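In my numbering, the protein residues as written are 1 to 273.
Backbone N, C-alpha and C define an ideal beta-carbon position, used for all residues, glycine too.
In this text the structure is predicted, and so the values were computed from the model without any measurement.
Right under this line is the structure:
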C-alpha cells in the first residue's frame with residue numbers, strides 16, 4: 001500500500017492509510033459504480049479530497065476534473081495522480097459554475113452531509129450539467145450511523161434526501177451501498193469501540209468543547225478505534241471494495257446513493273453507451 005501524503009484529519013479520508021482501508025473501500029465502492037456511467041464522458045468530481053476517486057473516474061472518462069475547497073488536498077492530488085485527461089482545481093462547491101465548463105456527470109461522494117446549506121451547491125450543479133446530464137451522489141444513511149462524526153452537519157434518510165434532490169432534478173433514483181458479513185462485523189466493532197468513548201461523556205459535554213479541541217481529538221480517537229479493531233481479530237481478512245454492493249435502497253443501506261437526472265428517462269440505471 002502506498003503511504004499517504006497526508007494523515008487522516010477526521011474530515012476526509014486519504015488514500016494509503018492502512019488503518020482506514022475499510023472506510024476507503026466503502027468510498028471506492030461508489031466510485032467503482034460510477035465508472036461505468038462516466039465512460040467516455042466529461043465528469044466533475046465535486047469534493048474530491050486527495051483525488052483517489054477522481055483518478056479512478058479518469059481511468060474511463062473522457063475528461064475528469066476534481067474540485068475541493070482544501071488547497072492542500074488539491075496540491076497533493078495534483079502531485080499524486082497524473083493522467084492526460086485529469087486535472088484538479090481548488091474551488092468552493094457553491095462556485096463551481098465559475099470554472100466556465102460544462103459536464104455530463106457530476107459526482108459528489110460523502111460530501112453533502114458536510115454542507116450547512118446544500119441548495120447553492122445543487123443550483124450550481126444544474127448550471128454546469130449538459131442536457132441529459134446526471135448528478136451521482138452518496139451520503140451516509142442516518143438510520144445506519146450509530147457513530148457520531150462532528151464534521152457532519154446533517155445526515156439524511158432516503159426519503160428526505162429524495163425530496164431535497166427532487167427540487168432540482170425531475171428524476172431521482174435512490175439506491176444504497178451495502179456491505180456483506182465482513183463489513184457488518186467491522187461496523188459493529190467500530191460502533192462498539194466508539195461507544196466505549198462516548199460512555200465517558202454521558203451528559204454530552206463534548207458538544208461544548210471548542211472546535212479546535214474537537215479537531216485535535218477526533219482523528220486521534222478514530223485511529224484508536226481502528227487499532228482496537230485490528231488487535232481484536234474481529235476480521236480474519238481485510239475489508240475491500242469487493243465486500244460492498246450497490247442495489248435498491250433499503251433501511252439497512254450503509255450509504256444512500258442517488259442518481260439525479262436533468263431529464264426523466266426510463267433507462268436511468270443503464271450505463272450510457
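Open item on the list: Once DSSP output is grouped into helix, strand and coil, what is the label at residue 103?
Closed with: Here residue 103 refers to the residue found at position 103 when the chain shown is read from its first residue. Three-state DSSP puts residue 103 in a strand.
- [ ] From the DSSP output, in three-state form, read off residue 91 for me.
- [x] As a first step, residue 91 must be located in the chain shown, where it is residue number 91. The answer is coil: DSSP assigns residue 91 none of H, G, I, E or B.
Task: Per-residue DSSP class, three states only, for residue 61 - done: Position 61 of the chain shown holds residue 61. Of the three classes helix, strand and coil, the one that applies to residue 61 here is strand, per DSSP.
TODO: With a threshold of 16 other CB atoms inside 10 Å of the CB of residue 205, please say whether the residue is buried or exposed.
DONE: One-based indexing of the chain shown puts residue 205 at position 205. It is exposed - the Cβ of residue 205 has fewer than 16 other Cβ atoms within 10 Å.
- [ ] Please check the pair residue 153 and residue 114, which I expect to be a contact at CB under 8 angstroms, by giving their CB distance rounded to whole angstroms.
- [x] Here residue 153 refers to the residue found at position 153 when the chain shown is read from its first residue. Here residue 114 refers to the residue found at position 114 when the chain shown is read from its first residue. About 6 angstroms separates the two Cβ atoms, so the contact holds.
Open item on the list: Along the chain, where does the beta strand (DSSP E) containing residue 42 start, and where does it finish?
Closed with: Here residue 42 refers to the residue found at position 42 when the chain shown is read from its first residue. Its beta strand (DSSP E) spans residues 42 to 46.
Open item on the list: Let's see if you can read the secondary structure: which residues bound the alpha helix (DSSP H) around residue 255?
Closed with: Here residue 255 is taken as the residue at index 255 of the chain shown, counted from 1. Counting along the chain, residue 255 falls outside any alpha helix (DSSP H), though it belongs to the beta strand (DSSP E) covering 255 to 261.
TODO: Look up residue 136 in the DSSP assignment and say whether it is helix, strand or coil.
DONE: For the purposes of this step, residue 136 is taken as the residue at position 136 of the chain shown. Here residue 136 sits in strand by DSSP.
Open item on the list: So residue 247 and residue 179 are supposed to be a Cβ contact under 8 angstroms. How far apart are they, rounded?
Closed with: Residue 247 sits at position 247 when you count from the first residue of the chain shown. Residue 179 sits at position 179 when you count from the first residue of the chain shown. 12 angstroms between Cβ atoms; not a contact.
Open item on the list: So for residue 265, helix, strand or coil by DSSP?
Closed with: For the purposes of this step, residue 265 is identified with residue 265 of the chain shown, where counting begins at 1. If DSSP states are grouped into helix, strand and coil, residue 265 belongs with coil.
Open item on the list: Distance check for residue 133 and residue 98, CA to CA, integer angstroms please.
Closed with: Translated into positions along the chain shown, residue 98 becomes position 98. Translated into positions along the chain shown, residue 133 becomes position 133. Going from the Cα of residue 98 to the Cα of residue 133 covers about 18 angstroms.
Open item on the list: Considering only DSSP beta bridges, list what residue 174 is partnered with.
Closed with: Taking the first residue of the chain shown as 1, we reach residue 174 at position 174. Beta-bridge annotation (DSSP): residue 174 is paired with 258.
Task: For residue 68: DSSP bridge partner residues - done: Here the question's residue 68 lines up with position 68 in the chain shown. BP columns for residue 68 point to 90.
Open item on the list: Less than 9 angstroms between the C-beta atoms of residue 25 and residue 240, yes or no?
Closed with: The residue given as residue 25 occupies position 25 in the chain shown. The residue given as residue 240 occupies position 240 in the chain shown. In this structure, residue 240 lies closer than 9 angstroms to residue 25 by Cβ.
Task: Cβ-Cβ separation, residue 161 to residue 139 (assumed contact under 8 angstroms), whole Å - done: Looking up residue 139 in the chain shown gives position 139. Looking up residue 161 in the chain shown gives position 161. In this structure, residue 139 and residue 161 form a Cβ contact; the two beta carbons are roughly 7 angstroms apart against a cut-off of 8 angstroms.
Open item on the list: Quick check: what's the CA-CA separation for residue 1 versus residue 18?
Closed with: As a working note, residue 1 is residue 1 in the chain shown. As a working note, residue 18 is residue 18 in the chain shown. Residue confidence is low: residue 1 scores 43 on pLDDT, short of 50, so the model does not pin down where it sits. Its coordinate-derived value is still stated next. Cα-Cα distance, rounded: 7 angstroms.
- [ ] Give a yes or no on whether 9 angstroms exceeds the smallest Cβ distance from residue 70 to chain D.
- [x] No chain D is present in this structure, which holds just one protein chain.
Open item on the list: Cutting at 7 angstroms between CB atoms, please list the residues of its own chain near residue 87, excluding the five before and the five after it.
Closed with: Position 87 of the chain shown, counted from the start, is the residue given in the question as residue 87. Around residue 87: 65.
Open item on the list: Taking the alpha-carbon of residue 286 as reference, which of 22, 198, 221, 203 has the nearest alpha-carbon?
Closed with: Because the chain here runs from 1 to 273, residue 286 falls outside it and cannot be looked at.
Open item on the list: Please report the distance separating the alpha-carbon of residue 224 from that of residue 230.
Closed with: To locate residue 224, count along the chain shown from 1; it is residue 224. To locate residue 230, count along the chain shown from 1; it is residue 230. Residue 224 and residue 230: Cα-Cα distance of roughly 10 angstroms.
Open item on the list: When you compare the region 194 to 201 with the region 247 to 264, are there three or more beta-carbon pairs, one atom per stretch, that lie closer than 8 angstroms?
Closed with: Below 8 angstroms, too few C-beta pairs join the region 194 to 201 and the region 247 to 264 to call them touching: fewer than three.
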